[in-house]
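In my numbering, the protein residues as written are 30 to 482.
Since the structure comes first, as structure tokens, the remarks are kept for the end.
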Amino acid sequence: MYTTRILPVPDPDSLGRFRPLPAPSSTTISSSPQSVLDHWDAAESAPGLEALVTAADHIRTTDVPVGFPTETVYGLGADATRTDAVRGIFSVKGRPSDNPLIVHVCDLDMLRGLLGDGKNLPDIYRPLVERFWPGPLTILLPVPSSDSSDAAGAPKWTLAPEVTAGLPTFGARLPASPLTRTLIRLADAPLAGPSANASTRPSPTTAQHVVDDLNGRIEVVLDGGACGVGVESTVVDGLCDPPVILRPGGISLAELRTVPGWERVERAYDDVAQGGNRSKGVAEKKEEEELKPRAPGMKYKHYSPKARVVLYEGWRAVNSSTLSQADLVADIGSAGQQAGTVGVVRTSTWPALEGLEKRSAGTTNGNITSAESNGDGAVTYNLEEYTLPFGTAVLELDLGRDLSSIAHGLFSALRDLDARGADVILIEGIDDRGDDMAAAVMNRLRKAASEVR
């Protein structure tokens, strides 16, 4: 057991800056219009820099991962080149070993160091890098050969095999968070960084969420406030034709299709978690065991609170009459008879439970500390508590109607209802038949759900 410390970083935006490298070769990644992203310089002094130095030293000298914020969710970072350090991630999270990890780099120069001198970024990715990096986009790249006889062309960094889970590819991301990039620069190594939660739990969007799951398992959590996006990065594979999305996230299908070469990009993910949300026959289980996920979030049950989750498909509300308050109360009552306290998460068409006996009222900050709730990116939503005539306690939480607010507050809402003792959670899904972030939200909810209606 460790003593887990939260180290605040008060001003992430002052931690460093990008600069282009001099005289880039016409055959390197730097020849793209994104050469400004060639090199990330860490600041020599800045508020919170000492905390990052401490965390980076921890990454270099121990095998215990650290918690760190990105613009998407909080990550659990370790040196991606050291086997023992990467194994520490799997141990701390309780993560299956066949679930690959995303590699975070601080700049294009570090990405070149992973690919090896003379190895170009595949042309299909160049317009994506220009458009979406730094940001919530992960690209799949070939793992360089480790038996190169050309020492001059060998990669500067060699990924630990545990990072790729034995696959011939790895996922790479250049995060938008200056804090993350500075941590990587100070550690002087690419970071393997899945979400900083216990495996299958909702992803953490605050430092406190990390501590809630991993207290005593890790020593350092960097606190950069609440994450701005709220769902993980989009993972794409441009090494096949047509290119595909392996995991929906912060960059939508519609946005990807506006990029040259990506007009035909398709979905290649299953919204149902193979790790426990549906029953399977013996033959299907055997096939599943032989199938390795190509990206995080493709195979196992994810994002689940302790409470049982019942998801109502959002598109059905578009094609049918809106669920009445009487029908919603009846569903709550049925759930309450089987459980105890019922959580209700509203997003768009469900009626408020106004008129019922109210236990208390107010606004919650989704487990966010008072310091974080005053800063940009704080997650806030309305929470009302009711008691139904037959005695069932109800926690009604409204995420609002704005898609970004729903994505931003989703994981915090699930964690908050857990903390408040919900035994079952009824969630109003949203219509995800368009090409926006709704697909990412519903992907997470379907993987969290025990039942979909």
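Yeah, the Cβ is synthetic: ideal placement off N, Cα and C, and Gly gets one too.
In terms of Cβ geometry, G77 and D40 form a close pair [threshold 8 Å]. Under the 10 Å beta carbon count, P271 is surrounded by fewer than 16 other beta carbons and is classified as exposed. In the three-state reduction of the DSSP assignment, K387 falls in the strand class. In the structure shown, V192 falls within a helical segment according to DSSP collapsed to helix, strand and coil. A contact between stretches requires three or more CB pairs, one per stretch, nearer than 8 Å, and the region 252 to 259 fails this requirement with the region 138 to 154. Distance between R337 and D360, taken at the CA atoms: about 14 Å. Under the criterion of beta carbons closer than 8 Å, I35 and V240 qualify as touching, at roughly 7 Å. Assignment of Y154 by DSSP, reduced to helix, strand and coil, places it in the helix class. In summary, S228 is buried, with 16 or more beta-carbon neighbours lying within 10 Å of its beta-carbon over all protein chains present. Assigned with DSSP and collapsed to three states, V38 falls in coil, not helix or strand. The residues A205, in chain order, have a CB closer than 6 Å to that of G164 in the same chain once the five nearest residues on each side in sequence are set aside. Taking the CA atoms as reference points, G369 sits about 9 Å from G420. Under the three-state reduction of DSSP output, S363 falls in the helix class. Within the model, the alpha-carbon separation for A80 versus K387 is close to 44 Å. The shortest C-alpha to C-alpha distance from R155 to any of A469, T101, L268 is the one to L268. Note: Y103 is bridge-paired with P98 in the DSSP secondary-structure output. Bridge partners of L251 according to DSSP: L36. Counting along the chain, the unbroken alpha helix (DSSP H) around R141 starts and ends at 137 to 144.
Taking each of R246, A364, P380, R430 in turn and checking the Cα distance to D452, the smallest one comes out for A364. For R296, the closest of D461, A107, V102 by C-alpha to C-alpha distance is D461.
Excluding five sequence positions before and after K335, the CB atoms of its chain that fall closer than 7 Å to its own CB belong to D447, given in chain order.
Here P171 is bridged, per DSSP, to T198.
The DSSP-derived three-state label of I274 is strand. Residue burial is scored here from C-beta neighbours: E480 has fewer than 16 other C-beta atoms within 10 angstroms and is therefore classed as exposed.
Within the model, the alpha-carbon separation for I131 versus H68 is close to 20 Å. Cβ neighbours of R124 within its own chain (closer than 8 Å, five residues either side excluded): I118, P223, S228.
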